[in-house]
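Heads up: the sequence shown begins at 52 in our numbering, then just goes up one per residue. Let me begin by presenting the structure, written as structure tokens, before commenting on it.
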Amino acid sequence: MSEHVSRRRFLQGASLGAIGGVSGCLRLTESTADTPASRSADAPDTGAAPDAGTAAQRETSSSSSFIARESWTLDKFGSDIVTYDGTFYLSTWVSKQILAVQPDGTIEWETDQLGKFKRDSLSVTESTIFGCGYGGQLTAVERSSGTPLWNFTGGKYDSWSTKPLVTDQYVICANWGDTAETDDDYVVYVLDRGSGEVVDTIEYTGLRSRIESVGRIGGNFYVGTSNFLDLYALDTRSEVASHDEHLYGTGYVRDGDLFVATDDNVYRYRLTGSTHELLWGTTLRGSVGDLLFTPDGILANGEAGIFNVSYDGEQQWWGKMDAYTDRPAVVENHVFALDNYHQLRVFDLGSGDRLSEATLPSEGLPLAPLASVDRTLLVGLEPLIAYDVP
52 MSEHVSRRRF LQGASLGAIG GVSGCLRLTE STADTPASRS ADAPDTGAAP DAGTAAQRET
112 SSSSSFIARE SWTLDKFGSD IVTYDGTFYL STWVSKQILA VQPDGTIEWE TDQLGKFKRD
172 SLSVTESTIF GCGYGGQLTA VERSSGTPLW NFTGGKYDSW STKPLVTDQY VICANWGDTA
232 ETDDDYVVYV LDRGSGEVVD TIEYTGLRSR IESVGRIGGN FYVGTSNFLD LYALDTRSEV
292 ASHDEHLYGT GYVRDGDLFV ATDDNVYRYR LTGSTHELLW GTTLRGSVGD LLFTPDGILA
352 NGEAGIFNVS YDGEQQWWGK MDAYTDRPAV VENHVFALDN YHQLRVFDLG SGDRLSEATL
412 PSEGLPLAPL ASVDRTLLVG LEPLIAYDVP
């Protein structure tokens, strides 16, 4: 086992706190308003990614009119937005709720106050929604109704650094110290999916880099930081391997491979049992925050805007933005991107050409990432704004 890990097993179940109920349906008032009134320095090249280059990076052209029409707003501080089966699921910070909202603005259900939910707090399955709340809380509610199922409140620390990983048996998430005294300390909790009781824990202390992702590869799950990637057997939680040969970070599993966004790079790794192979890496401009997967490629967002990278690692186009840009959303063949200056820009998915842009209200706070269902785009400002895309 690697030196940075110490482990403690909890044989007793965590106490389950009481949680609130569910409110009924209501319809949002449709807006009749017209289309509403962006750190961008390049990160240093680490030299770690092969085939780095900028030949395929081209700044896109622009046009003046915005192609989407504002449809409705929701007066909530949305901290995370996920979609499943044609529905938006939102977690909020101020109202401490989880909501299910249809693309036309109908609220299917909303919970009573459950807890303060932060960014990247939700995971959704066919039957259940899992949300990480402030104060070491992890909550499960029924997806069809919002009915609370269980509420784990025993996290050692207040914050969580990853979304919940949900398997058939477990919910796994990294609990983070997030204070001056405990900023380098984490506890990875393995909870029983049905009850929320603690099955196991893996404790990390004195880390030099943040735990950015927890995910599943075959019969193993991984814990990833920018400096190392640890693999554990899902059934026993015994360590399978620990890798520190390359750069890691925010990871996503697609087609059996691990794709990673870290610093100004995107990598593709193949992990088979304890073996580990770097298939390719590509260096972009500025740090990269997240990856969004499309049928034909990968959209990477970060300090310089949006980059489209093929599954072979070739850079296809660069959609330039004016400031750090959040995770984009794709509606048909349009890529919508929002930066910290409230510039909402639209790029063609195939060519990267800039099609239109709008400046959103400056008083709103950019909170949750963009999300889309069919031709409805939901923008994570406060208030939340929905657009119809023709």
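Every residue, glycine too, gets a C-beta built ideally from N, C-alpha and C.
Query	Result
Can you give me the Cβ contacts of Val222 inside the same chain, cut-off strictly under 6 Å, excluding the 5 residues immediately before and after it?	Phe181, Pro215, Leu242, Arg244
Going along the chain, which unbroken runs of the alpha helix (DSSP H) with 4 or more residues stay wholly within the region 237-261?	none
What runs of the alpha helix (DSSP H), each 4 residues or longer, lie entirely inside the region 393-441?	none
Could you check where the beta strand (DSSP E) with Trp123 kicks off and where it finishes?	120-125
Can you list, in chain order, the residues of its chain whose CB lies under 6 Å from that of Ala292, leaving out five sequence neighbours each side?	Leu282, Ser325
I believe Asp229 touches Tyr208 by the beta-carbon criterion, under 8 Å. Please report the beta-carbon distance rounded to the nearest angstrom.	6 Å
Can you name the start and end residues of the beta strand (DSSP E) that Asn359 belongs to?	356-360
DSSP three-state label for Cys76, please.	Since pLDDT at Cys76 reaches only 40, below the 50 mark, its modelled position is unreliable, and no value is offered.
Classify Ser195 as buried or exposed, calling it buried when 16 or more other Cβ atoms lie within 10 Å of its own Cβ.	exposed
Using CA atoms only, rank isn't needed, just tell me which of Ala231, Tyr237, Gly247, Val274 is closest to Leu285.	Val274
Does the beta-carbon distance from Val430 to Leu395 come in below 9 Å?	yes
Suppose you measure from the CA of Leu298 to the CA of Asp308; what does that come to, to the nearest Å?	15 Å
Taking one C-beta from the region 170-186 and one from the region 229-238 each time, how about it: are there three or more such pairs within less than 8 Å?	no
Cα-Cα, which of Asn352, Arg261, Gly266, Thr287 is closest to Thr276?	Arg261
Quick one: Cα of Gly332 to Cα of Glu365, how far?	9 Å
Terminal residues of the continuous beta strand (DSSP E) containing His294?	290-294
State the CB to CB distance for the pair Leu200 and Asp235, rounded to an integer number of angstroms; the pair is presumed to be in contact (CB under 8 Å).	Not quite, the Cβ-Cβ distance comes to about 33 Å (not below 8 Å), so this is no contact.
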